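What follows is a set of notes on a single structure, which appears directly below.
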Amino acid sequence: MDWKSDAKRVSIDELHMNFALLRITLGLAMGVAAAQSAFLGRSAEPASAPAKEWNMKDKVTKTPEEWQKQLTPEQFRVLRKKGTERAFTGPLWNNHEAGVYRCAGCGLELFSSEHKFESGTGWPSFYQPLQPKHIATQEDNSLFSRRTEVHCARCGGHLGHVFEDGPKPTGLRYCMNSAALTFQKK
Ligand code: FE
21 MDWKSDAKRV SIDELHMNFA LLRITLGLAM GVAAAQSAFL GRSAEPASAP AKEWNMKDKV
81 TKTPEEWQKQ LTPEQFRVLR KKGTERAFTG PLWNNHEAGV YRCAGCGLEL FSSEHKFESG
141 TGWPSFYQPL QPKHIATQED NSLFSRRTEV HCARCGGHLG HVFEDGPKPT GLRYCMNSAA
201 LTFQKK
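Sequential numbering of the sequence shown, starting at 21, is according to our numbering.
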């Protein structure tokens, strides 16, 4: 046997040893993970997963062209251009059915009929959102006044404004555009 085949055998032996080490390392890592799961009192796959909650990583982002294709002109004007529908013209200000109001852009549940009240303004009004984290607010200094703009936290669609002259228990009035919402009867 010449030195070349010796060198080959050495490298093959090294390869086998490296594989053995890799298997031991992997085995240890899996063992540690299993022990951690047991320690934390949960298995890798929970038997009953909690209801899927919306979170920041599920944000909906689309180009203006995509929104325009998906929405009606009025929905686009309100949701994407921060427009305001004329009072008493939308289909939802006088809606008294029980159900859920969703974002007309992305479908996220935003308001419940349980929190709707007669504001007399001609816009659907609520004293609280269904889930605080489903909406976001921003200071709006347009039209020579300081107002708080409200938008959908998932798609950023403009919904309306929130004022501090609402009824109990919150004292808030979420003044929304019908065009920004879709209603789902219970
Ligand atoms: Fe949305």
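A virtual CB, placed ideally from N, CA and C, is assigned to each residue, including glycine. No experiment lies behind these values; they were computed from the predicted model shown.
Nonlocal neighbours in the same chain, by C-beta distance under 6 Å from Q148, ignoring five residues either side: H135, T190, listed in sequence order.
Stretch pair the stretch 167–186 + the stretch 116–123: three plus CB contacts closer than 8 Å: A contact exists between the stretch 167–186 and the stretch 116–123.
Ligand 1 heavy atom lying under 8 Å from the CB of G125: Yes, the beta carbon of G125 sits closer than 8 Å to at least one heavy atom of ligand 1.
N114, buried or exposed, once every other Cβ within 10 Å from all chains shown has been counted against 16: Flag for N114 reads exposed.
C-alpha distance - C195 paired with V182, whole-angstrom precision: Each residue's Cα considered, the two are about 6 Å apart.
Host alpha helix (DSSP H) of R97 (start-end): Segment 93–99, the alpha helix (DSSP H) holding R97.
One or two residues paired with C175 in a DSSP bridge: As computed with DSSP, C175 is found in no beta bridge at all.
Buried or exposed by the 16-neighbour rule on C-beta atoms within 10 Å, applied to S162: Burial state of S162 is exposed, judged by a 10 Å Cβ sphere holding fewer than 16 other Cβ atoms.
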